[in-house]
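Chemist: Numbering-wise, the sequence shown is residues -23 to -1, 1 to 413 according to mature numbering (1 follows the signal peptide of the UniProt record, and there is no 0).
The beta-carbon is built from N, C-alpha and C at its ideal position, and this holds for glycine as well.
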Amino acid sequence: MKNMEPKSMIVVLTVLLIVGTGADYVRPPPRKTLHFPWSTKASSHPQQVHISLAGDKHMRITWITSDKSSPSIVEYGTSRKSYNSIAEGESTSYRYFLYKSGKIHHTVIGPLEHDTVYFYRCGGNGPEFQFKTPPSHFPVTFAVAGDLGQTGWTKSTIKHIKQCKYDVHVLPGDLSYADYMQHRWDTFGELVQPLASSRPWMVTQGNHEKEEIPILKKGFVSYNSRWKMPFDESGSNSNLYYSFEVAGVHIIMLGSYTDYDEYSDQYNWLKADLSKVDRERTPWLLAVFHVPWYNSNHAHQGEGDDMMASMEPLLYAAGVDVVFAGHVHAYERSRRVYNGKLDACGPNHITIGDGGNREGLAHKYLNPQPEWSVFREASFGHGEFRVMNSTHAFWSWHRNDDDESVRSDQVWITSLVGSGCLAETSRETRNMLIEP
Ligand SMILES: *[C@@H]1O[C@H](CO)[C@@H](O)[C@H](O)[C@H]1NC(C)=O
Ligand SMILES: [Fe+2]
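Written out as structure tokens, the structure is:
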């Protein structure tokens, strides 16, 4: 800089200062879909291993083999390479035009101890995996990221989630972005295996899971075959909506792409599920679905309105604390809100569709910012929801600042238990939930 004019020197220094303080974060463009080499593993080798909670004290282990005769057994135990339990499950496969899936195994194991590391092996073959079961009581931590895809940004997000201490991954829809290319479901399964084989992944569907072709293919063929969730365990008759409980948290996973009107099976299941929630046993109540109801981004504006008109009164009456959604490729957090207005008894809505998919970010926001919207930013990242006790949870959003995980939004959320809201709405709730 010796020969530089003083004026240009000032410009350079100012630029350095801005970049250095991060005052002006330059948002990155989308990254390319990752390419994976062809697998050269033996055909009985377990691939795409992922796990999910299957009722209290049980875990569903899912994996795929090319070998159709490979058994659906899981050997497991609490010490390495020495398994004292074995379980046999079921398997399925599907065709999608010329594509024929491998053998997809689903094996439920348990009963398992809480907060315990288990070692396991799939199909009597291949490497040993391990997972930790969630605790039976607070604190409990959820990692949350939707609209993942399988790009360079997905890889960055996954790396950051791996660095955090969490118990369960919650995914509000849009997993692989396979978009009819069925082998992309396989590469996605391989990409997420390191995480998804070690902590339960609880997912609900997004539009990219649908892959419906009118007359020729019904929807969710691949998704339902590969990502089986505990719907029978929660009294639902569809893999597209269900609920589960972890420590003192009841989580409702809803379907944005299946019927939700008041005559639908989903609506009736939701009513029945909410009527069973016991806020003494599970002081926290969360709901997760793909299309946000409170969204001040131009992208997907108004798409959630119909589902919201049908189901928002139910969630409100039951006193849901937080709603997580995806779909919009950005981050947004609301104040407690109901029916479009600030309401101390409504949920906080969090849109976290910023996992890193190939479509890139949604940059344009409606102005002025609605009063319910507290924080909004179009960047890739992930969230962490740490429930400390029956009244306090800490939410943080971690932006992929280039490839660093930077905590960019954080807030303490207090549950509606002890707020008076549940008492006020209890009569209304009962009427709404019990009336035929
Ligand atoms: C719950 O956790 C919060 C935050 O750590 C703390 O301030 C509060 O005292 C705790 N409440 C109880 C009942 O332990
Ligand atoms: Fe989506």
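Along the chain, where does the beta strand (DSSP E) containing L148 start, and where does it finish?
Modeler: V145 to L148
Chemist: Buried or exposed: which applies to L319, given that a residue is buried once 16 or more other Cβ atoms fall within 10 Å of its Cβ?
Modeler: exposed
Chemist: Using the Cβ count rule (16 or more neighbours within 10 Å means buried), how would you classify I327?
Modeler: I327 is classed as buried because its beta carbon has at least 16 other beta carbons within 10 Å across all chains shown.
Chemist: Regarding H304 and ligand 2, is the C-beta to nearest heavy atom distance less than 7 angstroms?
Modeler: Because some heavy atom of ligand 2 lies under 7 angstroms away, the Cβ of H304 counts as near it: yes.
Chemist: With C-beta atoms as the reference, is E361 less than 8 angstroms away from T39?
Modeler: The Cβ atoms of E361 and T39 lie no closer than 8 angstroms to each other.
Chemist: According to the neighbour-count rule (16 or more other Cβ atoms, all chains shown, within 10 Å of its Cβ), is W389 buried or exposed?
Modeler: exposed
Chemist: According to DSSP, is V169 helix, strand or coil?
Modeler: The answer is helix: DSSP assigns V169 an H, G or I state.
Chemist: Is N344 helix, strand or coil when you go by DSSP?
Modeler: coil
Chemist: Return helix, strand or coil for S287, following the three-state DSSP convention.
Modeler: helix
Chemist: So, Q24 versus T10, is the Cβ gap smaller than 8 angstroms?
Modeler: no
Chemist: Between which two residues does the beta strand (DSSP E) harbouring L263 extend?
Modeler: Going by DSSP, L263 is part of the beta strand (DSSP E) stretching over W261 to V265.
Chemist: For the alpha helix (DSSP H) that contains S199, what are its first and last residues?
Modeler: V198 to R203
Chemist: Within 10 angstroms of its Cβ, does F208 collect 16 or more other Cβ (buried), or is it exposed?
Modeler: The residue is buried, with at least 16 neighbouring Cβ atoms inside 10 Å.
Chemist: Tell me which same chain residues have a C-beta within less than 8 angstroms of the C-beta of S311, skipping the five on either side of it?
Modeler: Y271, N325, H326, I327, W349, S350 and V351
Chemist: Throw me the rounded Cβ distance for the V265 and M230 pair, which I believe falls under 8 angstroms.
Modeler: 5 angstroms
Chemist: Using the C-alpha atoms, what's the distance from S220 back to K58?
Modeler: A straight line joining the alpha-carbon of K58 with that of S220 spans about 33 angstroms.
Chemist: Nearest CA to the CA of K194: which residue from F74, L172 and S20?
Modeler: F74
Chemist: According to DSSP, is R161 part of a helix, a strand, or is it coil?
Modeler: helix
Chemist: For the alpha helix (DSSP H) containing I135, name the first residue and the last one.
Modeler: G129 to Q140
Chemist: Taking the beta strand (DSSP E) that D380 belongs to, which residues open and close that run?
Modeler: From DSSP, D380 is part of no beta strand (DSSP E); its letter is neither H nor E.
Chemist: Quick one: what's N325 bridged to in DSSP?
Modeler: V299 and R313
Chemist: Would DSSP call L247 helix, strand or coil?
Modeler: helix
Chemist: Once the 5 residues before and after R376 are set aside, which same chain residues still bring their CB inside 6 angstroms of it?
Modeler: S356, G358, V383 and S385
Chemist: Report, in whole angstroms, the separation of the C-beta atoms of K109 and R176, which I expect to be a contact under 8 angstroms.
Modeler: 7 angstroms
Chemist: Going by CA-CA distance only, name the one from S47, R98 and T69 that's closest to I63.
Modeler: R98
Chemist: Please write down, chain order preserved, every residue whose beta carbon lies under 5 angstroms from a heavy atom of ligand 1.
Modeler: M365, N366 and H369
Chemist: In or out: T164 buried (at least 16 other Cβ within 10 Å) or exposed?
Modeler: The residue is buried, with at least 16 neighbouring Cβ atoms inside 10 Å.
Chemist: Per DSSP, R72 forms a beta bridge with which residues?
Modeler: K77
Chemist: Would you check if the distance between the CB atom of Y342 and the CB atom of S273 is smaller than 8 angstroms?
Modeler: Contact: yes.
Chemist: For D92, I'd like the list of residues in its chain whose CB is within less than 8 angstroms of its CB, leaving aside the five on either flank, ordered along the chain.
Modeler: K109, T110, P111, P112 and S113
Chemist: Under three-state DSSP, which class holds A120?
Modeler: strand
Chemist: Count the other CB atoms, across all protein chains shown, that sit within 10 Å of the CB of Q140; report buried if there are 16 or more and exposed otherwise.
Modeler: exposed
Chemist: For the structure I just gave you, are there three or more beta carbon pairs, one from the stretch 24 to 35 and one from the stretch 45 to 53, closer than 8 angstroms?
Modeler: no
Chemist: In terms of DSSP beta bridges, what is D242 paired with?
Modeler: Note: D242 sits in no beta bridge, so no partner.
Chemist: Is Q159 near S199, with beta carbons less than 8 angstroms apart?
Modeler: yes
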